[in-house]
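**Q** Quick note on the numbering used here: the sequence shown kicks off at 6 and runs consecutively. All C-beta atoms, glycine included, are put in the ideal place defined by N, C-alpha and C.
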Amino acid sequence: MSAERPTADGLPQVAVVGFPNVGKSTLVNRLAGGREAVVHPEAGVTRDRKRIECEWNGVRFALVDTGGVDLAAGDELSRAVQEQSRAAIAEADVVVLVVDARAGLRAGDAELAKMLRGADVPVVVVANKIDRAADEHLTAEFHKLGLGEPHPVSAAHGHGTGDLLDAIATLASAVEIAPQDEAPVRIAIIGRPNVGKSSLLNAFLGTERVIVSEVAGTTRDAIDTAVEIDGRAVVLVDTAGLRRHGKIAGTVAYYAQLRSKRAAERADVAIVVCDTSEGLVSEDLRAAALAMKTGCATLIALNKWDAGQVDLGDAAGRLHKRLRLRPPIVVCSAKTGRGVPDLLATALGLAERRADRIPTPELNRLLSDVVAATPPPSRRGGKRLRTYYIAQVETAPPRFVIQVNDRRLISREWAFHFENRLRETYGLQGVPLIIDYVPRKRRSLSQPRRPRTRSGGGGGH
Numbered sequence: 006m007s008a009e010r011p012t013a014d015g016l017p018q019v020a021v022v023g024f025p026n027v028g029k030s031t032l033v034n035r036l037a038g039g040r041e042a043v044v045h046p047e048a049g050v051t052r053d054r055k056r057i058e059c060e061w062n063g064v065r066f067a068l069v070d071t072g073g074v075d076l077a078a079g080d081e082l083s084r085a086v087q088e089q090s091r092a093a094i095a096e097a098d099v100v101v102l103v104v105d106a107r108a109g110l111r112a113g114d115a116e117l118a119k120m121l122r123g124a125d126v127p128v129v130v131v132a133n134k135i136d137r138a139a140d141e142h143l144t145a146e147f148h149k150l151g152l153g154e155p156h157p158v159s160a161a162h163g164h165g166t167g168d169l170l171d172a173i174a175t176l177a178s179a180v181e182i183a184p185q186d187e188a189p190v191r192i193a194i195i196g197r198p199n200v201g202k203s204s205l206l207n208a209f210l211g212t213e214r215v216i217v218s219e220v221a222g223t224t225r226d227a228i229d230t231a232v233e234i235d236g237r238a239v240v241l242v243d244t245a246g247l248r249r250h251g252k253i254a255g256t257v258a259y260y261a262q263l264r265s266k267r268a269a270e271r272a273d274v275a276i277v278v279c280d281t282s283e284g285l286v287s288e289d290l291r292a293a294a295l296a297m298k299t300g301c302a303t304l305i306a307l308n309k310w311d312a313g314q315v316d317l318g319d320a321a322g323r324l325h326k327r328l329r330l331r332p333p334i335v336v337c338s339a340k341t342g343r344g345v346p347d348l349l350a351t352a353l354g355l356a357e358r359r360a361d362r363i364p365t366p367e368l369n370r371l372l373s374d375v376v377a378a379t380p381p382p383s384r385r386g387g388k389r390l391r392t393y394y395i396a397q398v399e400t401a402p403p404r405f406v407i408q409v410n411d412r413r414l415i416s417r418e419w420a421f422h423f424e425n426r427l428r429e430t431y432g433l434q435g436v437p438l439i440i441d442y443v444p445r446k447r448r449s450l451s452q453p454r455r456p457r458t459r460s461g462g463g464g465g466h
C-alpha cells in the first residue's frame, strides 16, 4: 500500500470514526497518551478532523479524530461533519470504527459499516465502553458488521488498548510513504471567534477542509492540514476562537482555547485574523500579544476587507504602538479571495526569516553604525555603555548576544532602538528577537599574559 497524498510528517493516517458520543476522542487521547482531542460530556463536541501523532512499538502513525457520523441527521452542521468524516476515510491508510458496546448494535453503526465495506482500506472495529472483563460478551453482536473480530476496549480505563495498538501498528507498518526532506512550516491561524479563520483556511486550500458556519465557536479544536506550496511542506492549523477565560471557564470553548494556545506555541508563524467589518478591537490585540509571547512570528490579516471601513493607517498605528514585533499587515477577503495569495506568501517569508542566520561580520557592522549614529546615553555618574561584539547564537526564533562593558548601563530606549534597526535592516518585522547583553569577562590578575608578537621592523615577521 502506498500513499501519494501530502502528510504533515510522512506518517500513515489512521482515521477514527463512529456514531456520535461513542468515545472516539477519549479513545484517541488514550491511544496517543495525551489530551490533545477535546473531550466533554456534551455530545457532538468534535466536528472537524483532528490529527494527532502516535507511536507504538517503534511504529509511528497519525490518529485522525473525527466528528460523530449520524447518516440520518439532515441539518447543515451534521452534513458538514459527515463530509469531514468521509474525507478522513478517503485519505486514511487504516480506519478504526468505534461502537458503543453498552448501547448495542444500532442502525447508525450498520450504515457506517456498509460504507466502510466499500472502501479500499483495512478496518479495525473497536467495541468501546467494555469497562469490566465480564462485559466482553457484549462485543459478540458486532460481528454482524462484517468487518472482522471486534476489539473489546475501555477508552476511559485503558483496558484492551494495548492489543488494539498492536493491531493498528501492524497495519500502519505496512504503509509506504515517502520520507520528508525537511520539517514542514507550521502556520497557525488564530483570532477571536467568528472572524473568518476557517474560511481563510479553506480559501488557502481552495476546498472545504474545515466546517464554516455563521455560528460563533463552530471550530472546537486545532485542526492540522498538510499541503505543499511551491515544493515546500506546510501545515496549516485552524484554531478555536480566543475568548476571555472568565466567560468560558469549564466549558467546551475553554478546553478548545487551551489547544489554540498550544497550537500557537508549536507554530513557526501565527496569522492573527481580525474582522475588518467590526473594526480593530482589544481582543484582536490580545490575540496578537499571545502569539508574540509564544515565540512564533506574527502576521496580521485584516479579513472581510470588502465589507469593512477601517482606516489602514490608523490600524497600523494602533498595532505597532501595542505590539513590539511590528508585525506586517495584509488586507484580505476569504470570501472573494482578495489578498489571500499575498497573505500566505508573507507568512512563508516570515518563517524563512525566523529560521535565517545573519553573518557575524554584518551584525558587527550594523552595531557599529548604530552606536556611531545614536550612542547609548550615559548613566551612573557619566558612565556610558560600550558594545564590543555581537553574534547570532540561535535561530527560530533568532537569538543574539552582544558583549558589553556593563549591562547595568543599558537603557530601555536604546535597546529598543537597536532592536528596531535590526528589524528594519533584515526584514524581521513580526519575528520575535531575543537579545542578550553579556558583560565581557575580565582576565584574572593571576592569569599570565600572553606574549605579544611584534609586527613590522626587521625581525622578519
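1) Would S383 be called buried (16 or more neighbouring beta carbons within 10 Å of its own) or exposed?
2) Could you check whether K309 and S287 sit closer than 7 Å to each other, using their CB atoms as the reference points?
3) Using alpha carbons as the reference points, say which of D347, V104 and C337 lies closest to L117.
4) Where does I415 sit, in a helix, a strand or coil, going by DSSP?
5) So the beta strand (DSSP E) F209 belongs to, where does it begin and stop?
6) The ligand NAP and E60: does the residue's C-beta get closer than 6 Å to at least one heavy atom of that ligand?
7) Starting from E154, trace the alpha helix (DSSP H) in both directions and tell me its first and last residue.
8) Whose C-alpha, out of A268, A161, P17 and K340, is nearest the C-alpha of N207?
9) According to DSSP, simplified to helix, strand and coil, what is V44?
10) Between which residues of its own chain and Y442 is the CB-CB distance below 7 Å, once the five residues before and five after are set aside?
11) A139 by DSSP, collapsed to three states: which one?
12) Roughly how many angstroms separate the alpha carbons of A161 and T31, rounded to a whole number?
13) Would you kindly work out how many angstroms separate the C-alpha atoms of G15 and I192, rounded to a whole number?
14) With a threshold of 8 Å, are at least 3 pairs of Cβ atoms found where one atom belongs to the stretch 341–358 and the other to the stretch 317–327?
15) Hey, out of L169, E357, G72 and Y394, whose CA is closest to L372's CA?
16) For T351, does the three-state DSSP call read helix, strand or coil?
17) What is the rounded straight-line gap between the Cα of R467 and the Cα of F147?
18) Pop quiz: A302 and D273 are said to be a contact at Cβ under 8 Å. What is the actual Cβ separation, rounded to whole angstroms?
19) Would you list, in sequence order, the uninterrupted beta strand (DSSP E) runs of no fewer than 3 residues that lie entirely inside the stretch 365–404?
20) Between the alpha carbons of G163 and K326, how many angstroms are there, rounded?
21) When the cut-off is 7 Å and only beta carbons count, does F147 lie next to chain D?
22) Give me the residue from A356, R331 and T230 with the minimum Cα distance to E429.
23) With distance defined between alpha-carbon atoms, name the residue in S178, A293 and K388 nearest to P437.
24) With C-beta atoms as the reference, is F423 less than 7 Å away from V375?
25) What residue does the beta strand (DSSP E) around K446 start on, and which one ends it?
26) If you drop the 5 nearest sequence neighbours on each side, which residues of the same chain put their C-beta closer than 6 Å to that of V217?
27) Between the alpha carbons of R271 and L110, how many angstroms are there, rounded?
28) Could you please give the first and the last residue of the uninterrupted alpha helix (DSSP H) stretch that includes T175?
29) Determine, using beta carbons only, whether L121 and V101 come nearer to each other than 7 Å.
30) So, with DSSP's three-state summary, where would you put D319?
31) At what residues does the alpha helix (DSSP H) containing R122 begin and finish?
32) Do A93 and V69 have their beta-carbon atoms positioned less than 7 Å apart in this structure?
33) Going by CA-CA distance only, name the one from K266, V74 and E81 that's closest to S90.
34) Could you spell out where the beta strand (DSSP E) holding A292 opens and where it closes?
35) Using the C-alpha atoms, what's the distance from A231 back to R237?
36) Taking its Cβ as the centre, do 16 or more other Cβ atoms sit within 10 Å of T379, making it buried, or is it exposed?
**A** The short version:
1) exposed
2) no
3) The shortest Cα separation from L117 among D347, V104 and C337 belongs to V104.
4) coil
5) The continuous stretches of beta strand (DSSP E) do not include F209, which lies in the alpha helix (DSSP H) extending over residues K202 to L210.
6) The ligand NAP is not part of this structure, which contains no ligands at all.
7) No alpha helix (DSSP H) contains E154, which DSSP labels as neither H nor E.
8) Checking every option, the nearest Cα to that of N207 belongs to K340.
9) Only weak support is given to the placement of V44: the predicted model assigns it a pLDDT of 40, under 50, and the value that follows is read from those uncertain coordinates. In the structure shown, the three-state DSSP call for V44 is coil.
10) The residues are I407, V409, R412 and I415.
11) helix
12) 7 Å
13) 18 Å
14) Because the criterion of three Cβ pairs below 8 Å is not met, the stretch 341–358 and the stretch 317–327 do not touch.
15) Y394
16) helix
17) Residue numbering for the chain in the displayed model covers 6 to 466; residue 467 lies beyond these limits and cannot be assessed.
18) 7 Å
19) Listed in chain order, they are 392–399.
20) 51 Å
21) Given the protein chain composition of this structure (a single chain), no chain D is represented.
22) R331
23) A293
24) Going by beta carbons, F423 and V375 fall inside the 7 Å limit.
25) From DSSP, K446 is part of no beta strand (DSSP E); its letter is neither H nor E.
26) Low confidence applies to V217: its pLDDT is 39, below 50, so where it sits in the model is not reliable enough to give any reading.
27) 40 Å
28) T166 to A177
29) Taking 7 Å as the Cβ cut-off, L121 and V101 do not qualify as a contacting pair.
30) helix
31) Here the alpha helix (DSSP H) through R122 covers A112 to R122.
32) yes
33) V74
34) No beta strand (DSSP E) holds A292; the alpha helix (DSSP H) holding it covers S287 to T299.
35) 11 Å
36) By the 10 Å Cβ count, T379 comes out exposed.
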